[in-house]
Amino acid sequence: GENVEQHPSTLSVQEGDSAVIKCTYSDSASNYFPWYKQELGKRPQLIIDIRSNVGEKKDQRIAVTLNKTAKHFSLHITETQPEDSAVYFCAASMFEGFQKLVFGTGTRLLVSP
Amino acid sequence: DSGVTQTPKHLITATGQRVTLRCSPRSGDLSVYWYQQSLDQGLQFLIQYYNGEERAKGNILERFSAQQFPDLHSELNLSSLELGDSALYFCASSGESREYYGYTFGSGTRLTVV
Chain A
1 GENVEQHPST
11 LSVQEGDSAV
21 IKCTYSDSAS
31 NYFPWYKQEL
41 GKRPQLIIDI
51 RSNVGEKKDQ
61 RIAVTLNKTA
71 KHFSLHITET
81 QPEDSAVYFC
91 AASMFEGFQK
101 LVFGTGTRLL
111 VSP
Chain B
1 DSGVTQTPKH
11 LITATGQRVT
21 LRCSPRSGDL
31 SVYWYQQSLD
41 QGLQFLIQYY
51 NGEERAKGNI
61 LERFSAQQFP
71 DLHSELNLSS
81 LELGDSALYF
91 CASSGESREY
101 YGYTFGSGTR
111 LTVV
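Sequence order for the protein chains is A and B.
Note that our numbering gives residue 81 to position 81 of the first sequence, counting from 1, and the numbers run on in steps of one.
Note that our numbering gives residue 66 to position 66 of the second sequence, counting from 1, and the numbers run on in steps of one.
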């Protein structure tokens, strides 16, 4: 089955710096890659996603890149702000008659003022 | 409001007891997923249901069981509770199509076993 590895497990940056979180997946058939943000005690929320027919997608300060050959994808956050502090989860999914997301282990991002 | 409703929001119970967590999926979603998240841990997949049938099982203990009813709501039953079962339990739902848009999570049930 699919396996998703996520690095780093924790990331501390200064406000205004960029942050990059990387994930690798094992199954080349995976074709959908969402990113979730989870604030303390809250539910995970989808912040951006990318499909396998696209190499990069941007939404204001966040972007996701996908390298299908290397089977890895990354989340980029520019001009970080304290409110970006949260746990970020990557995931990979394929459609085989039904969907099943496999989540990474999460990255705790701390943005210091 | 994500459209996925979980009740109760908080639950405090004693060891050895049994509790039931409830989830109503987003309108139109046929799949329901249950996850356990212990303090500072990741999302541990427990079980998935699709239109009333069990579809996939993860690291779900034998003391735990779940079902999805004809109206598509789902219940997660936790029995013989132990201190280590204290966690946030999330339900998520999704549609089933090739134009997939990921899971929508409910706000979770925080279970404290004392």
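Quick reminder that beta carbons are idealized off the backbone N, C-alpha and C, glycines included.
Because the structure is a prediction, the values reported are computed rather than measured.
At a Cβ-Cβ threshold of 8 Å, A/Val-102 and A/Asn-31 do not count as neighbours. Per DSSP, the unbroken beta strand (DSSP E) holding B/Tyr-33 starts and ends at 31-37. Residue pairing by DSSP places B/Thr-104 opposite B/Ser-93 in a beta bridge. For the region 32-50 of chain A, the beta-carbon criterion of a distance under 9 Å to any beta-carbon of chain B is satisfied by Tyr-32, Pro-34, Tyr-36, Gln-38, Gly-41, Lys-42, Arg-43, Pro-44, Gln-45, Leu-46, Asp-49. With respect to chain B, the C-beta atom of A/Leu-110 has no partner C-beta closer than 8 Å. Between the region 23-33 of chain B and the region 105-112 of chain A, the count of Cβ pairs shorter than 8 Å is below three; the stretches do not touch. The beta-carbon separation of B/Gln-6 and B/Thr-109, rounded to 5 Å, stays under the 8 Å limit for a contact. Within the DSSP secondary-structure output, A/Ala-91 pairs in a beta bridge with A/Phe-103.
Checking the DSSP bridge columns, you'll see A/Thr-78 has no partner listed.
An exposed status is given to B/Lys-57, since fewer than 16 other beta-carbon atoms sit within 10 Å of its beta-carbon. If you keep only unbroken beta strand (DSSP E) runs of at least 3 residues inside the region 5-91 of chain B, you get 5-7, 10-13, 19-24, 31-37, 44-50, 53-57, 64-68, 74-78. Between B/Leu-39 and B/Leu-72, the CB-CB gap reaches or exceeds 8 Å. The contact set of A/Thr-105 on chain B, defined by CB atoms closer than 8 Å, consists of Gly-42 in chain order. Against A/Phe-89, the close residues of chain B are Gly-42, Leu-43, in the order they occur along the chain (beta-carbon pairs closer than 9 Å). Interface criterion not met: the Cβ of B/Gly-28 is under 8 Å from no Cβ in chain A. Apart from sequence neighbours up to five positions away, the residues of its chain that approach A/Ala-63 with a beta-carbon distance below 7 Å are Glu-56, Lys-57, His-76, ordered along the chain.
Its chain contains Ser-80, Leu-81 as the residues whose beta carbon lies nearer than 8 Å to that of B/Gly-16, once the 5 sequence neighbours on both sides are disregarded; these appear in chain order.
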